[in-house]
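**Student:**
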Amino acid sequence: MMRRLESENKSPLARSRVLRVDVVLLVLLSLAIARPAFAATSSWDTERHGAARLISAVEATGSSSQIDVGLQLRLTPGWHTYWRSPGDAGIAPSIDWKGSENFVGAEIAWPAPARLPSVGGLETVGYEDGVVLPIAVRLAKPGEPLHLHAEVDYASCKDICIPYHASLDLTLPAGLARPGPEAPLLVKARALVPGDLSAAQMDLLGAAVESKSGGAVLAVRLSSAGTPFSSPDLFIEGLRSGAPGHPESTLSDTGKTVTFRVPVSGEAATAIAGRSLKVTVVDGSRAAETEITPVSGSLLPLAVDMGRIGILGLALLGGLILNLMPCVLPVLSLKLLSLARYAGAERRAARFGLLATGAGVIMSFGVLAAVLILLKAAGSAIGWGIQFQQPWFLAGMALVTTLFGASLWGWAPIVLPAGVADAIGAVRGYGRFTTAFLTGAFATVLAASCSAPFVGTAIGFALARGPMDITLVFGALGLGMAAPFLTIAAFPGLVTYMPRPGRWMVWFERVLGLALLGTAVWLLSVLAIEAGTEPALIAGGSLALLLVALSWRQRQPAGGAARRSLGTVAIGLAALAVFVPSWNGEAVATNAARSQTEVGQWQPFDEAAIHRMVASGKIVLVDVTAAWCLTCKANELAVLDRPPVAEQLHEARVVAMRADWTRADPLITAYLQSFGRYGVPLDVVYGPGAPQGIPLPELLTSGAVMDAFAHAAAGGKDEARE
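To get the working numbering, take the position in the sequence shown, counting from 1, and add 441.
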């Protein structure tokens, strides 16, 4: 009671002292509670039109070797700063971390940018009103305090640009890494950083670059597996000439595919093709980054771009149709003969033989894919059938064809080495399976000289993309070409419908042997065009003597000296047939030139002249062909050299132009790739109504050519006949 009275009797001065002490204690307590929040940010460095500070996602360093911090730039409304690649003007924000402690390094993550309003025709890229740049800081000693000192340079721009410099300091003590008050701001900024394409439900469909006056045009095509594209934009980094121009975007009808065409000045298409570039695509709230390696040429028309699944379906169908093409007919007869051999045989033997043929086809397509992938990685020109441009390949194929023919006559049985035979298994008659496998492989190699419906589209898609798509598409082509044999292997009872083996097969084999020798003669005729008449005659003579040696060898006693000597002679003749054309592989250019001009209405290919002719009102048909392309020859015989197309080509207003791709020609290769093609045949019709050209199908019809003529003539002037 007395204490209470004493307290009440205290003077006002004493009571005020107690109050001041209480207030001081409360302030100190509040500062102690608030201290970690202030420690998670630096002070603002404020300028007239901008301010900068460092922020941290945590209040202390914890035990991690990496801390998430950020640079926050706050600008006057309506002002902007720049992205890491600012464009034609501007400077990107930069940070010098010199003076930081317990610091190893830092990596800035850049949120998706926006294209800023063009000023004076200059294209710039950046952020309106400000940005938070997430930064991953690596610590030298995890668990110990971190001091960050940042010298920041940035620009704030509107009608004018003002460069600013800020000195910022942020210290994080050792301790539990609890989330700081700015952690949500950093999480939001991280969510704006572009990820990979799959995370944004996008896919790269292709990238190509083609020459234009004064520079090049880079085309990039992407698809969306989720929401259709609404207002996509594309940003390209890595060009030596600096920032590219404003991209022109074209959406498909469904909005699921977008094609960007980006003008590039000051750099040739040949310098861009094959080089890795970084691209960032932004579409509303989603964004993604990826690397592209554009090929020389142009992308396929959007109307035929079906995506990976559709292209694989076309490849399967195209591979199936290849079985019926003229280039494969000599070997198709071998396939029929192999089926006849299995008629009446046990199902197990029939199945193994058919599977061997299918495996030969599929594995050969796999080898072709691997070779093309390696050539593309090395920066070499690639295409369908390019191996036929090499004299050594033609000579080698003539040798293989000759040996196949000799094997049908019983002069050169084809068997596997013992080790490979053991791997096949203890199946009786494995030699038949060897022949079946090599028949499939042989058919694949010959098929490369042909094109078929859908094959060109599928191969163009694959070769414009990466190794995975090349492998998938060529695998689908092989599976389609092997489909008849795999189907019968799955249902071997179908073989019983073939004629039973008998004496007729002996005569059939002799006829097939002659057909294969005819194929060898055709290959040698192509060799004469590519390497000259003399190397082709040497190769042909060597192969003829090889047949004689094999015939004599077969009549000698097994194990005798004569048989061994003739075998050695045969090996020498085979080597001579292949290596002489390789040593003397320079083509006789006049032969190729004559082949282009010996038919009166055909002129040599001149791409520069096409546009001049079209401008004068003429219609131009460009036929890209090759001596080894049997589909090209079929088109000539069935369509181009017959009415009504041949009559149209003789008219004064029509110019017929032929490009010979028998041997490699970079100008013709570039022309093919400008239409998304990587092989022949290619036929294109130009005219006043189609100055960019109308590409025709691989297999021509008179109707398709005449329709293209009519469309190309639309809008042209009626000129007097010359």
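Even glycine gets a Cβ: it sits at the ideal position worked out from N, Cα and C. Small disclaimer: the values here were computed from a predicted structure and weren't measured.
If you draw a straight line from the alpha carbon of G837 to that of S664, how long is it in whole angstroms?
**Tutor:** The residue labelled residue 837 in the question sits at position 396 within the sequence shown. The residue labelled residue 664 in the question sits at position 223 within the sequence shown. Their Cα atoms are separated by approximately 43 Å.
**Student:** Use the C-beta contact count for G1144: other C-beta atoms within 10 angstroms, 16 or more gives buried, fewer gives exposed.
**Tutor:** Along the sequence shown, read from residue 1 onward, the residue named residue 1144 stands at position 703. G1144 should be labelled exposed.
**Student:** By the three-class DSSP mapping on this structure, what secondary structure does E732 have?
**Tutor:** By 1-based counting over the sequence shown, the position of residue 732 is 291. E732 falls in the strand class under three-state DSSP.
**Student:** If you reduce the DSSP assignment to three classes, tell me which class F676 lands in.
**Tutor:** Residue 676 sits at position 235 when you count from the first residue of the sequence shown. In the structure shown, F676 sits in a strand (DSSP, three-state: E or B).
**Student:** Can you give, in chain order, each stretch of the beta strand (DSSP E) that sits fully within the region 648-705 and has at least 3 residues?
**Tutor:** Fully enclosed beta strand (DSSP E) runs of 3 or longer: 656-665, 674-678, 689-692.
**Student:** Tell me which same chain residues have a C-beta within less than 6 Å of the C-beta of S983, skipping the five on either side of it?
**Tutor:** The sequence position of residue 983 within the sequence shown is 542, counting from 1. The answer, listed in chain order, is L1014, L1017, A1018.
**Student:** So what's P586 in DSSP terms, helix, strand or just coil?
**Tutor:** Stepping through the sequence shown from its first residue, residue 586 is reached at position 145. DSSP places P586 in coil when its eight states are reduced to three.
**Student:** For the region 1065-1130, which segments carrying the alpha helix (DSSP H) assignment without a break, of at least 4 residues, lie completely within its bounds, in sequence order?
**Tutor:** As far as the region 1065-1130 is concerned, its whole alpha helix (DSSP H) runs of at least 4 residues are 1071-1076, 1086-1090, 1107-1115.
**Student:** Whose C-alpha, out of W850, E678, G916, T668, is nearest the C-alpha of W948?
**Tutor:** By one-based count along the sequence shown, residue 948 stands at place 507. Nearest C-alpha to W948: W850.
**Student:** What do you get for V952, buried or exposed, if any count of 16 or more other CB atoms within 10 angstroms of its CB means buried?
**Tutor:** Numbered from 1 along the sequence shown, position 511 holds the residue referred to as residue 952. Flag for V952 reads exposed.
**Student:** Around the C-beta of L765, are 16 or more other C-beta atoms found within 10 angstroms, so that it is buried, or is it exposed?
**Tutor:** The sequence position of residue 765 within the sequence shown is 324, counting from 1. Looking at its Cβ environment, which holds fewer than 16 other Cβ atoms inside 10 Å, L765 is exposed.
**Student:** Any contact of the region 1118-1128 with the region 1082-1091, i.e. 3+ C-beta pairs under 8 Å?
**Tutor:** No, they do not touch.
**Student:** Tell me the rounded alpha-carbon separation between R556 and D1082.
**Tutor:** Sequence index remark: in the sequence shown, residue 556 carries index 115 (1-based). Sequence index remark: in the sequence shown, residue 1082 carries index 641 (1-based). For R556 and D1082, the distance between alpha carbons rounds to 54 Å.
**Student:** Could you tell me the distance, in whole angstroms, from the CA atom of D509 to the CA atom of G679?
**Tutor:** The residue you call residue 509 lines up with position 68 of the sequence shown. The residue you call residue 679 lines up with position 238 of the sequence shown. Distance between the alpha carbons of D509 and G679 is about 28 Å.
**Student:** Can you tell me whether D486 is helix, strand or coil according to DSSP?
**Tutor:** By one-based count along the sequence shown, residue 486 stands at place 45. DSSP places D486 in strand when its eight states are reduced to three.
**Student:** Between G511 and P583, is the Cβ-Cβ spacing less than 8 Å?
**Tutor:** Start at 1 with the first residue of the sequence shown, and residue 511 comes out as number 70. Start at 1 with the first residue of the sequence shown, and residue 583 comes out as number 142. For G511 and P583, no; Cβs fall outside 8 Å.
**Student:** Using only alpha-carbon positions, find the residue among T880, I752, A882 that is nearest to T912.
**Tutor:** Position 471 of the sequence shown holds residue 912. Closest option to T912, Cα to Cα, is I752.
**Student:** Note down, in chain order, each residue of its chain lying with its Cβ closer than 7 Å to the Cβ of R702, except the 5 sequence neighbours on either side.
**Tutor:** One-based indexing of the sequence shown puts residue 702 at position 261. Hits under 7 Å: V658, A660, P688, E689.
**Student:** From A387 to A649, what distance separates their C-alpha atoms?
**Tutor:** The chain is shown only over 442 to 1163; residue 387 falls outside these bounds and no answer can be derived.
**Student:** I need the boundaries of the beta strand (DSSP E) containing A481, first residue and last residue.
**Tutor:** Position 40 of the sequence shown, counted from the start, is the residue given in the question as residue 481. Looking at the DSSP string, A481 is not in any beta strand (DSSP E), and its letter there is neither H nor E.
**Student:** Who are the Cβ neighbours of A899 in its own chain at under 6 Å, not counting the five residues just before and after it?
**Tutor:** Position 458 of the sequence shown, counted from the start, is the residue given in the question as residue 899. I752, L755, A756, G759, V914.
**Student:** Measuring straight from C-alpha to C-alpha, what distance separates K1183 and A797?
**Tutor:** It is not possible to answer for residue 1183, since the shown part of the chain is limited to 442 through 1163.
**Student:** Would you kindly report the start and end of the unbroken beta strand (DSSP E) that includes D610?
**Tutor:** One-based indexing of the sequence shown puts residue 610 at position 169. Run containing D610: 602-613, per the beta strand (DSSP E) assignment.
**Student:** Taking contact to mean at least 3 C-beta pairs separated by less than 8 Å, is the region 566-581 in contact with the region 545-553?
**Tutor:** Cβ pair count under 8 Å is three or more, so yes.
**Student:** How many angstroms separate the CA atom of K539 from the CA atom of L918?
**Tutor:** Along the sequence shown, read from residue 1 onward, the residue named residue 539 stands at position 98. Along the sequence shown, read from residue 1 onward, the residue named residue 918 stands at position 477. Cα-Cα distance, rounded: 58 Å.
**Student:** Any idea if L467 is buried or exposed, counting beta-carbon neighbours within 10 angstroms, 16 or more meaning buried?
**Tutor:** Along the sequence shown, one-based indexing puts residue 467 at 26. The predicted model places L467 with a pLDDT of 46, which falls under 50 and marks its position as unreliable; any figure quoted below should be read in that light. So L467 ends up on the exposed side.
**Student:** If we ignore side chains and look at the alpha-carbon of each, how far apart do T565 and T721 end up?
**Tutor:** The residue labelled residue 565 in the question sits at position 124 within the sequence shown. The residue labelled residue 721 in the question sits at position 280 within the sequence shown. One C-alpha to the other measures close to 15 Å.
**Student:** Can you find the residues in the same chain that come closer than 6 Å, C-beta to C-beta, to G1134, ignoring five residues on each side of it along the sequence?
**Tutor:** On the sequence shown, position 693 is the one that residue 1134 refers to. Within the same chain, G1134 has close Cβ partners V1125, Y1127.
**Student:** Closest to A481 by CA distance: which of R619, V560, V1095 is it?
**Tutor:** Here residue 481 is taken as the residue at index 40 of the sequence shown, counted from 1. Checked all of R619, V560, V1095; the closest Cα to A481 is R619.
**Student:** Can at least three beta-carbon pairs, one atom from the region 1096-1110 and one from the region 1041-1050, be found at a separation below 8 Å?
**Tutor:** Cβ pair count under 8 Å is three or more, so yes.
**Student:** In three-state DSSP terms, what is H1152?
**Tutor:** As a working note, residue 1152 is residue 711 in the sequence shown. It is helical.
**Student:** Are at least three pairs of beta-carbons, each pair with one atom in the region 597-614 and one in the region 695-714, less than 8 Å apart?
**Tutor:** Verdict: no, contact absent.
**Student:** Can you tell me the Cα-Cα spacing of S504 and P635, whole angstroms?
**Tutor:** Counting from 1 along the sequence shown, the entry for residue 504 is found at position 63. Counting from 1 along the sequence shown, the entry for residue 635 is found at position 194. Going from the Cα of S504 to the Cα of P635 covers about 28 Å.
**Student:** Report the three-state DSSP secondary structure of Q995 (helix, strand or coil).
**Tutor:** As a working note, residue 995 is residue 554 in the sequence shown. If DSSP states are grouped into helix, strand and coil, Q995 belongs with the helices.
**Student:** My output table needs one value for I823: the three-state DSSP class, helix, strand or coil.
**Tutor:** For the purposes of this step, residue 823 is taken as the residue at position 382 of the sequence shown. Three-state DSSP puts I823 in coil, outside helix and strand.
**Student:** For the region 669-677 against the region 620-633, do three or more pairs of beta-carbon atoms, one drawn from each stretch, fall closer than 8 Å, so that the two count as touching?
**Tutor:** These segments do not touch.
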